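Asks: For the sequence shown, our numbering begins at 255 and goes up steadily by one.
We put the beta carbon where it would ideally sit given N, CA and C, even for glycine.
Nothing here was measured: the structure is a model prediction, and the numbers come from that model.
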Amino acid sequence: MKRFRSNIISGSLIVGAFLLLGLTAERRAGAQAAADSARKLKVYISVDMEGVAGVVTADQLLPSGFEYERFRHFMTDETLAAVRAAKEAGAGEIVVSDSHGNGENMLIEEFPKDVRIVRAWPRHGGMMAGLDSSFSAALFIGYHASTTNPKGVRAHTFSSAHYTRVALNGNAVTEGEYNAAYAGAKGVPVIFASGDDAAMEEIKSRLGNIEIVETKKSLSFHSAETLTPAASCDKIYAGVKSALARLHDFTPYVIKTPVTLEITFKNYTPAELLSYLRSVQRVDSHTIRFVGRDMDEVDDFEEFVANYNSDLAP
Numbered sequence: 255m256k257r258f259r260s261n262i263i264s265g266s267l268i269v270g271a272f273l274l275l276g277l278t279a280e281r282r283a284g285a286q287a288a289a290d291s292a293r294k295l296k297v298y299i300s301v302d303m304e305g306v307a308g309v310v311t312a313d314q315l316l317p318s319g320f321e322y323e324r325f326r327h328f329m330t331d332e333t334l335a336a337v338r339a340a341k342e343a344g345a346g347e348i349v350v351s352d353s354h355g356n357g358e359n360m361l362i363e364e365f366p367k368d369v370r371i372v373r374a375w376p377r378h379g380g381m382m383a384g385l386d387s388s389f390s391a392a393l394f395i396g397y398h399a400s401t402t403n404p405k406g407v408r409a410h411t412f413s414s415a416h417y418t419r420v421a422l423n424g425n426a427v428t429e430g431e432y433n434a435a436y437a438g439a440k441g442v443p444v445i446f447a448s449g450d451d452a453a454m455e456e457i458k459s460r461l462g463n464i465e466i467v468e469t470k471k472s473l474s475f476h477s478a479e480t481l482t483p484a485a486s487c488d489k490i491y492a493g494v495k496s497a498l499a500r501l502h503d504f505t506p507y508v509i510k511t512p513v514t515l516e517i518t519f520k521n522y523t524p525a526e527l528l529s530y531l532r533s534v535q536r537v538d539s540h541t542i543r544f545v546g547r548d549m550d551e552v553d554d555f556e557e558f559v560a561n562y563n564s565d566l567a568p
């Protein structure tokens, strides 16, 4: 009887040991899975300035503007709110693209050491430079309405000075839709955007039910009823966290290839000269058409058109 009890005790100890080993292995596997998930969650943040809370005129948007230095801080703070939310959601890698004006607006010393910043022009990928298929999601901060929209603060598409329309496959697009198509070609979904009400209405009408934050309500091209910078940051933080919590709900925005790009200029001369290129068709006095194999080729063409100047020097 004692030997029988001893065998029972020994068997129980062995079973207990195996259970303990199993639990330990399970915990290690869980920890490893969490670590792998954090490493795999890569977030790309493209940042413009016209859609930042409080921005209404060139006084905030250009280095010569009397409010520019203050609004560089506000632009940086809105981006940092998105970064903080992404990190708390488990993002292991974050790339931030400074995509306004000269591309040298945000105060890069304010960012965490492990965040990488894309700055200045020209660059392959434009406002999405550095994005590839390894990213899990893209976020848009400070975006604005398109040049064909009669509403929206500082509404334009890529060049307020030169373009009156930019279209993909025959449809006029916002910068948000264009950049979403660029990301979608790489399998990356856009899951969040912030900007004025006109911009957010436009982007949702094309991209579907993404998370948005309205930083202000457009009253005219140069006027808005705006949130305070602090309130805008709070809403962006909450919106990004909400978007990343339901990341599986989003799909990449993919358009048909080959991609037809049309650009309508304010002046006829660019359209005339670009038509000398055999790959460019002049559609009308102010519009050219270029057909690219994919969004990479289309974007390289648009970047060339936007940045080339025969007076360029090193």
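#1: In chain order, which beta strand (DSSP E) runs of at least 3 residues are fully inside the segment 358-427?
#2: How big is the Cα-Cα spacing for residue 324 and residue 559?
#3: Check this for me: beta carbons of residue 303 and residue 333, under 8 angstroms apart or not?
#4: Is it buried or exposed for residue 326, if we count other Cβ within 10 angstroms and need 16 for buried?
#5: Would residue 374 and residue 356 be called neighbours here (beta carbons separated by less than 8 angstroms)?
#6: Ordered along the chain, which non-local residues of its own chain (more than five positions away) have a Cβ less than 6 angstroms from that of residue 290?
#7: Can you tell me the Cα-Cα spacing of residue 538 and residue 522, whole angstroms?
#8: Contact check, residue 312 vs residue 319 under 8 angstroms by CB: the rounded distance?
#9: Could you tell me the boundaries of the beta strand (DSSP E) in which residue 457 lies?
#10: Helix, strand or coil for residue 552, going by three-state DSSP, please let me know.
#11: Measuring CA to CA, which of 410, 294, 307, 514 is closest to residue 489?
#12: On the criterion of 16 or more Cβ atoms from any shown chain inside 10 Å, does residue 482 qualify as buried, or is it exposed?
#13: Whose C-beta lies closer than 7 angstroms to the C-beta of residue 494 among residues of the same chain, with five residues either side of it excluded?
#14: Helix, strand or coil for residue 488, going by three-state DSSP, please let me know.
#15: Could you please give the first and the last residue of the uninterrupted beta strand (DSSP E) stretch that includes residue 534?
#16: With three or more C-beta pairs closer than 8 angstroms as the rule, is the segment 536-554 touching the segment 365-372?
#17: For residue 381, collect the residues of the same chain with a Cβ closer than 7 angstroms to its Cβ; drop the 5 residues on either side in sequence, then sort them by chain order.
#18: Using the Cα positions of residue 553 and residue 411, report the straight-line distance between them to the nearest angstrom.
#19: Does residue 547 pass the burial test, meaning 16 or more other C-beta atoms within 10 Å, or should it be called exposed?
#20: In this structure, does DSSP put residue 531 in helix, strand or coil?
#21: How big is the Cα-Cα spacing for residue 527 and residue 331?
#22: Check whether the segment 410-424 and the segment 469-486 are in contact - that is, three or more C-beta pairs closer than 8 angstroms.
#23: Starting from residue 541, follow its DSSP beta bridges and name the residues at the other end.
#24: If distances are taken between C-alpha atoms only, which option among 314, 348, 545, 461 comes closest to residue 385?
#25: Would you mind giving the Cβ-Cβ distance between residue 398 and residue 449, rounded to the nearest angstrom? I have them listed as a contact below 8 angstroms.
Replies: Answer, in terms of the structure:
#1: As for any beta strand (DSSP E) of minimum length 3 sitting wholly inside the segment 358-427, the runs are 369-372, 391-397, 417-422, ordered along the chain.
#2: Cα to Cα, residue 324 sits roughly 32 angstroms from residue 559.
#3: No. Outside cutoff.
#4: A residue is called buried when at least 16 other Cβ atoms come within 10 angstroms of its Cβ; residue 326 meets this threshold and is buried.
#5: The criterion of a C-beta distance shorter than 8 angstroms is satisfied by residue 374 and residue 356.
#6: Residue placement at residue 290 is flagged as unreliable, the pLDDT there being 47, under the threshold of 50; the coordinate-derived value follows with that caveat. Hits under 6 angstroms: none found.
#7: The straight-line gap from Cα to Cα measures roughly 9 angstroms.
#8: Residue 312 to residue 319, Cβ: 5 angstroms. Contact.
#9: That residue, residue 457, is in no beta strand (DSSP E); its alpha helix (DSSP H) goes 451-461.
#10: In the structure shown, residue 552 sits in a helix (DSSP, three-state: H, G or I).
#11: The residue with the shortest Cα to Cα distance from residue 489 is 307.
#12: So residue 482 counts as exposed.
#13: Listed in chain order, the non-local C-beta contacts of residue 494 below 7 angstroms within the same chain comprise 336, 339, 340, 393, 446, local neighbours out to five positions each way being set aside.
#14: Reduced to three states, the DSSP call for residue 488 is helix.
#15: Unbroken beta strand (DSSP E) run through residue 534: 534-538.
#16: Contact between the segment 365-372 and the segment 536-554 is absent: fewer than 3 CB-CB pairs across the two stretches fall below 8 angstroms.
#17: So the list reads 300, 351, 353, 429, 433, once near-sequence residues are dropped.
#18: About 13 angstroms.
#19: The residue in question, residue 547, is exposed, as its Cβ has fewer than 16 Cβ neighbours within 10 Å.
#20: Here residue 531 sits in coil by DSSP.
#21: Residue 527 and residue 331 have their alpha carbons spaced roughly 42 angstroms apart.
#22: Counting Cβ pairs under 8 angstroms, fewer than three are found: no touch.
#23: Answer by DSSP bridge pairing, in chain order: 518, 538.
#24: Among 314, 348, 545, 461, the Cα nearest to that of residue 385 is on 348.
#25: Contact holds; Cβ gap of about 6 angstroms.
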